[in-house]
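Novice:
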Amino acid sequence: MMPTFTPFNPEGPLRIYYRNLPHWRQPGATYFVTFRQADSIPKAVIAEWQDIRDRWLKAHQLNPQWLQSNPERLAAELRKIAPAVRMAFEREQARLLHEELDRSHGSCVLRLAYPQHELAKSLMHFDGNRLAVGDWIIMPNHVHAIVQPFGEYELEDILGSIKQWSSRLIREWLKRQPADIQPQGPDYSRERFWQQESYDRIIRDMEELVRFRKYIADNAKMASVPTGQFRHYAADWLDSSGPYPTS
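Counting from 1205, one number per residue, gives the positions in the sequence shown under the numbering used here.
#1: Buried or exposed, going by whether 16 or more other CB atoms sit within 10 Å of the CB of N1333?
#2: In angstroms, rounded to a whole number, what distance separates the CA positions of P1353 and I1362?
#3: Less than 6 Å between C-beta atoms, sequence neighbours within five positions excluded: which residues of the same chain meet that for T1234?
#4: Mind checking which residues open and close the beta strand (DSSP E) that includes R1240?
#5: Comparing C-alpha positions only, which one of I1385, Q1381, F1397, E1358 sits nearest to R1372?
#6: May I ask which residues mark the beginning and end of the beta strand (DSSP E) holding Q1352?
#7: Residues in its own chain within less than 7 Å of E1294 by CB, not counting five upstream and five downstream?
#8: Would you tell me roughly how many angstroms separate the C-alpha atoms of N1274 and A1324, rounded to the nearest one?
#9: Between the alpha carbons of R1283 and I1220, how many angstroms are there, rounded?
#10: For the beta strand (DSSP E) that I1341 lies in, which residues bound it at each end?
#11: Could you tell me which of M1410, D1422, K1418 sits nearest to S1444, measuring between CA atoms?
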């Protein structure tokens, strides 16, 4: 059976937890996700974002240390803030992340053909089994995808499996490459290919689905990524949910 787009249900069950980013979970929902190489954001930029976040939390009488020491309390206190205020801040955080990723910092291993190929296989491996895979794009240092987990499968577990498997294959391949292919740079780590935490958002409605599909389709062009240094896939099952975006 072909999957169908399932938007956020404001009346349905909802679980929210926080790490560095907010994560909303709802059974059957469709998500826009972003995951990135560990060296894709300069450490100085991350420190600046953390300072912005901590100042915002303090301005709302919240302790930034709760992110590590008491995330359950932080989540409960954040829900007491007016939704419009909280969501405006979360949107700004997401904007900063995605704009910085498009600057192509770091080793950008995913611009190479073999890593693209193996990652594409990893993305599609559980399609139809643990989740429905929608549109995706592999950019030089990050990935955007639309996904819909099935049943008891948790989004973070699926993404963890995709990242773990693709990381092993890509790093083994890199070890066999000549020096000019080897990743360099102060933020590159041979121990960790992917940033552990991913960004995700439950897609709210049809309008947002169309917007995210267009964002994925246009991302390489917007970031001036040359042909061959990205890979894009559009899922047929999302076409039945609404018109495919055109530039």
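Even glycine gets a Cβ: it sits at the ideal position worked out from N, Cα and C.
Specialist: Result, derived from the coordinates:
#1: exposed
#2: So the alpha carbons of these two residues sit roughly 8 Å apart.
#3: F1209, T1210, Q1352, I1407
#4: Boundaries of the beta strand (DSSP E) around R1240: 1235-1240.
#5: F1397
#6: 1346-1353
#7: P1226
#8: 37 Å
#9: About 9 Å.
#10: 1335-1342
#11: For S1444, the closest of M1410, D1422, K1418 by C-alpha to C-alpha distance is M1410.
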